[in-house]
Structures are given as C-alpha cells and as structure tokens.
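> Mind looking over this structure? Questions follow.
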Amino acid sequence: MNVFQFIVQNHAEVLELTLEHLWMVAASTLLAVLIGIPLGILITRKPGWDKPVLGGANIIQTVPSLALFGFLLPVPWIGARAGRLAVLALTLYALLPLIRNTYTGIRGVDRAVVEAGRAMGMTDRQLLFQVELPLALGVIIAGVRIATVLSVGLATIAAAIGAGGLGEFIFRGLAMVSDQLILAGAVPAAALALVADLGLGWVEKRLSPQ
Amino acid sequence: MSTSNENGPVIEFRKVAYRFAGGQELLNGLNLQVRRGETLVLLGRSGSGKTTTLKLINDLVAPSEGEVLVEGRATTQWDPIRLRRGIGYVIQDAGLFPHFTVERNVALVPTIEEWPSDRIRKRVSELLQLVGLDAGLANRYPRELSGGQRQRVGVARGLAADPPILLMDEPFGALDPITRAELQREFLALQQRLQKTVVFVTHDLREALLLGTRIALMEAGRLVVALSSDEFTKSSDPLVQKYLDAFGAGCNGKRP
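From first to last, the protein sequence lines stand for chains Y and C. Each residue of the first sequence is one higher than the one before, starting from 1062 at the first, in our numbering. Each residue of the second sequence is one higher than the one before, starting from 1017 at the first, in our numbering.
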C-alpha cells in the first residue's frame, strides 16, 4: 500500500489532522501579524528601540522548537491545553519575519519620497498610512509568507506535546518505524506549505508597487 | 498663511547656525532676507549648505542657533504642519509618490487640506494646463512619464494649494539640457504671472543668472555675497570670479 492509498483509506483522520494543523498555523500567524506588524511600525518611530526588539525576536528564533514547547509547558493557562501552547510557540517564532520585514520595508521606502510628503505638510499618521505602508506592503506580505511557511513546518512538532496536527502521523510513524505513516503526515504538510507559499506569493506580487 | 507684514521680508535668517548632533557644522552665521515676490537663488557647490538653508525654511530641520522667520514668525513658533502646507516644495527627480497617479500627486496638499472633491478636480486640471501637461496624463503613474513630465508634475504639486512661498531644490538638475532650458523658460513665464516668493537652489551659475532676481552665493556653510544678477557678474569677489571663470562665456554680464 503506498502513501496515497493510505491517505485515501484514512481520509477522515487525514482531514481532521490537516484541519487541526491549519487551525494552529492560521491562529498563530494571525496573532503574530497583529503583534508583529504594529511592533515593526513602532520601532521605525522610536529611535533606539529597533535593536533590542529585533534582537529579542532573533533570540526567540534561535531556541530549538522542542525546547520552546517544553519551556512553555509550566506556564499557567497556556500550559493547561496543548493547543494553546502550540499556538503561542508558533506565534513567537513567526514574530521575527513579521517585525523584521515591516521594519525593513518601511525603512526601505525612498527617503526623498517620504521627505517630500513631510515637506508638503503630511502628518506622521498620513505619511505612515498613505505613503510608507502602501510602499512597504510587498515586503510586509513577504514577511507574512515566510512566517506562514515556517509555521506549517514547525506545527508538525506540536504533536510532540499532544497538540495534534499532521505531526501526529509523523511521530506515530517514527515510533512504528513506518515510512508510510511518516509520509502520510509529511506529504500533506508539504502540500500545505506549497499552497501557502504560492498563494501568498501571488498576493505579494499583486500588492507590490510597480 | 498670515501676511501681517506686507512690506517686511517674507523669510529672514538671523544669525543661523546648523550643526549635526555629532557637532559637525553645516551652516554658520547666516543672515539673509528674502523679499516678497523675488526669486532668490542659493548658489553653491555640494556641501555648501544651500539645501540645509532651504530645509530650515519649512522646518524640516531646526536651527541650532539663531532663528528663521517666516512671515515675521520664527519657524519654531509655527505649527510645522500649517507652515509646510503654506510653502510649496519642489525637488530634484520630483519626489513623486510612485503609487499615486499624476492627479493624486498633484492633489496631495488640497486632499490633506480636505478640499471638496470637485474643487480638487478643477484645481488639478487647471494646474496641469498651467505647467503644460496634457489632461490625458492625469491617470498615469509617475513611472509612465518622461523626466521632464515628472518634473512638471512636481511643480504642479508644489503650486497646488497656491502657497505664497515656493522652495525649489535643484528642480531641473536631473533633466537633459534641452528639457531643462524648456522648463527654465516656462518657470520664468510662470513666475511673472504668479509672483511667488521663490527660493531656488542650484549649483549652475547659468541657471542662477537666468532665473534669479538675486543670487546668494554660499561656500562651506557661509554666505559669501547676496547680489542682484547684474551686480553679481560685476562683482570683484574672488569666489564670484571663480564661478564666472568656471562657467565662461554667456555669464559675463548678459543673461544667456
């Protein structure tokens, strides 16, 4: 029996785990967007905040994912449910690409254009929403794309703490030394990552100026 | 913008110095007045402080010492947003918003000033005509225009809310010689009609002599002389002589 036959035969479970997987990725990416983009904007406005914030997000990314899941386990409320814990860990990982891309996207907007806007009497708010964010949008969406693809892969590890998702198949396969089971988790996960990458790549292209 | 002192200078620099936070000095001891309706050209080479002088007028930078008065009031006393909306600003390569159409670029100040939309539309078509642009270009993006057309849009944008003061930082610097000459001619004709108070930055003596009512020559952060175009070509100041020599024929007393 090959992987595809297995997937067809167990389609109910594959679907359930895929949905679990998607839910973790979607919730964490959304949270990371809600935190990361405002934070990225903020550090372009407050001189001296950029290095500590980017450095902090960088450090989080260097923590091995299994260890991060472990560290969060004793945290009250968060640690009580595996799903919550997984979403929080994935959110933390997704922060760096979002903060960094928002920051570099805004910083990368042609200074002459921004200064022209300022010289015409635009307020900081008008500059941000009418000039800087629209011109940085492509780079920011690229950050969302990187964060999403990263999360799809990392979410497989969430199964190690019982949060479900396609990692279930992979860990079960590892325990039972079954390539077929491992692939039953890995192939749909890879497909999800590809779809997310292509979809957001298309959005990125549509929203990039020029 | 208030015009309480009709006869006083529109812009006045009083003992102005400007230094970077690190202490590097860009301007020192600058005293200069700009009269209503004149075109004052700031002439000087790169790093002489002419762009900084321009940016002091609309409070893009604040003086480290002394004060800059606009319409009799120090720039630091103005609400910077109000001050800037009353001063047109035109820069090299136009600095147009690449994601805005020509129409939206020109309409920038009227839009943030919240003019009614039919008034904005009327003003934009008026301005496009004024700077010699076809109305059909209104929906194009800056990247779809030639350099000369972009610069015309830049001028139209600077004039949009009919500001009494216009600041121009090497606006024709990046154009080919033929387009530049064309735009210079049109600027003169336009200025004759509109009578704005213009401060114009350039490093080109020919342009300075052609466009300026007066020329303020700057060097290493200091004002060397401020003379009318005719006086300038007759001046015996050694630095003025150097400029006249460097530009040679066409600058010896007659407008080219």
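Don't be surprised by glycine CBs; every beta carbon is placed ideally from N, CA and C. As the structure is a computational prediction, the values presented were derived from the model and not from experiment.
Taking the straight line between their C-alpha atoms, what separation do you get for L1076/Y and G1214/Y?
17 Å
> With a threshold of 8 Å, are at least 3 pairs of Cβ atoms found where one atom belongs to the segment 1117-1126 of chain C and the other to the segment 1195-1203 of chain Y?
no
> Who pairs with E1081/C in a beta bridge, going by DSSP?
A1033/C
> Determine which residues of the segment 1108-1119 of chain C have a Cβ less than 9 Å from any Cβ of chain Y, and write them out in chain order.
Residues of the segment 1108-1119 of chain C whose Cβ lies closer than 9 Å to any Cβ of chain Y, in chain order: Q1108, D1109, A1110, G1111, L1112, F1113, P1114, H1115, F1116.
> Can you find the residues in the same chain that come closer than 8 Å, C-beta to C-beta, to L1161/C, ignoring five residues on each side of it along the sequence?
V1118, L1153, V1169
> Would G1269/C be called buried (16 or more neighbouring beta carbons within 10 Å of its own) or exposed?
Bear in mind that the predicted position of G1269/C carries a pLDDT of just 48, short of 50, making it unreliable; the figure below should be weighed with that in mind. The residue is exposed, with fewer than 16 neighbouring Cβ atoms inside 10 Å.
> Quick one: using the 10 Å Cβ neighbour count with 16 as the cut-off for buried, is P1193/C buried or exposed?
Under this definition P1193/C is an exposed residue.
> Is it buried or exposed, G1103/C, if we count other Cβ atoms within 10 angstroms and call 16 or more buried?
In the sequence under discussion, the amino acid at residue 1103/C is Ile, which differs from the Gly named in the question. Buried, by the Cβ-count rule.
> Please determine, among S1133/C, P1126/C, L1144/C, the residue with the shortest C-alpha to C-alpha distance to M1183/Y.
P1126/C
> Strictly below 7 Å CB to CB, what residues from chain Y border L1314/C?
Absent from the structure is residue 1314/C, since the part of chain C shown begins at 1017 and ends at 1272.
> Pick from N1162/Y, T1079/Y, T1152/Y, E1265/Y: whose alpha carbon is nearest that of E1229/Y?
T1079/Y
> Do we get a CB-CB distance below 8 Å when we pair P1113/Y with the residues of chain C?
no
> Going by CA-CA distance only, name the one from G1140/Y, V1264/Y, P1249/Y that's closest to G1223/Y.
G1140/Y
> Could you compute how far the alpha carbon of H1082/Y sits from the alpha carbon of A1220/Y?
Roughly 10 Å separates the two Cα atoms.
> Among L1210/C, A1205/C, I1107/C, which one has its Cα closest to the Cα of R1173/C?
I1107/C
> Within its chain, find whatever has a CB closer than 7 Å to the CB of I1160/Y; leave out the 5 residues flanking it on each side and keep chain order.
G1097, L1100, G1101, V1114, L1115, A1118
> Tell me the rounded alpha-carbon separation between F1132/Y and S1126/Y.
10 Å
> Which chain Y residues sit within Cβ distance under 7 Å of N1155/C?
Within chain Y, no residue comes near N1155/C; the closest Cβ sits about 16 Å away, beyond 7 Å.
> Mind checking W1094/C: buried by the 16 CB within 10 Å criterion, or exposed?
buried
> So which residues of chain Y does Y1259/C contact, with C-beta pairs closer than 9 Å?
Near Y1259/C there are no residues of chain Y at all, since even the closest Cβ is about 27 Å away, more than 9 Å.
> Just checking: is the beta-carbon of Y1105/C within a distance shorter than 8 Å of some beta-carbon in chain Y?
yes
> What residues from chain Y crowd round I1128/C, counting only those whose CB sits closer than 7 Å?
G1182, M1183, Q1187
> Could you name the residues of chain Y that I1097/C contacts, counting a contact when the two beta carbons are closer than 9 Å?
G1182, M1183, T1184
> If you follow the alpha helix (DSSP H) that R1233/Y is in, where does it begin and where does it stop?
Looking at the DSSP string, the run of the alpha helix (DSSP H) that includes R1233/Y is 1228-1236.
> Quick one: which chain Y residues come within Cβ less than 9 Å of R1139/C?
Ordered by position in chain Y, no residue passes the 9 Å Cβ test against R1139/C, which lies about 15 Å from the chain.
> What would DSSP say about D1185/C, mapped onto helix, strand or coil?
strand
> Does the segment 1232-1242 of chain C touch the segment 1071-1090 of chain C, meaning 3 or more C-beta pairs lie closer than 8 Å?
Under the three-pair Cβ rule at 8 Å, the segment 1071-1090 of chain C does not count as touching the segment 1232-1242 of chain C.
> When DSSP labels each residue in this structure, what does E1028/C get in the three-state scheme?
strand
> Can you pull out the residues from the segment 1074-1102 of chain C whose beta carbon lies closer than 7 Å to at least one beta carbon of chain Y?
N1074, L1076, I1097, R1100, R1101
> Could you check which residue in L1206/C, I1136/C, A1176/C, L1056/C has the C-alpha nearest to that of V1026/C?
The residue with the shortest Cα to Cα distance from V1026/C is L1056/C.
> Less than 8 Å separating the beta-carbons of P1114/C and P1158/C?
yes
> Let me check one thing: in DSSP terms, what residues is A1176/C bridge-paired to?
DSSP, once it has assigned bridges, lists no residue as partnering A1176/C.
> Between L1099/C and the rest of its own chain, which residues show a CB-CB distance below 7 Å, the 5 nearest in sequence each way excluded?
N1074, D1075, V1086, T1091
> Run through DSSP, which three-state label would G1045/C get?
In the structure shown, G1045/C adopts extended strand secondary structure according to DSSP, grouped into three states.
> Can you give me the Cβ contacts of L1042/C inside the same chain, cut-off strictly under 6 Å, excluding the 5 residues immediately before and after it?
Y1034, G1065, T1068, G1237
> Would you say V1215/C and V1032/C are within 8 Å of each other, going by their C-beta atoms?
no
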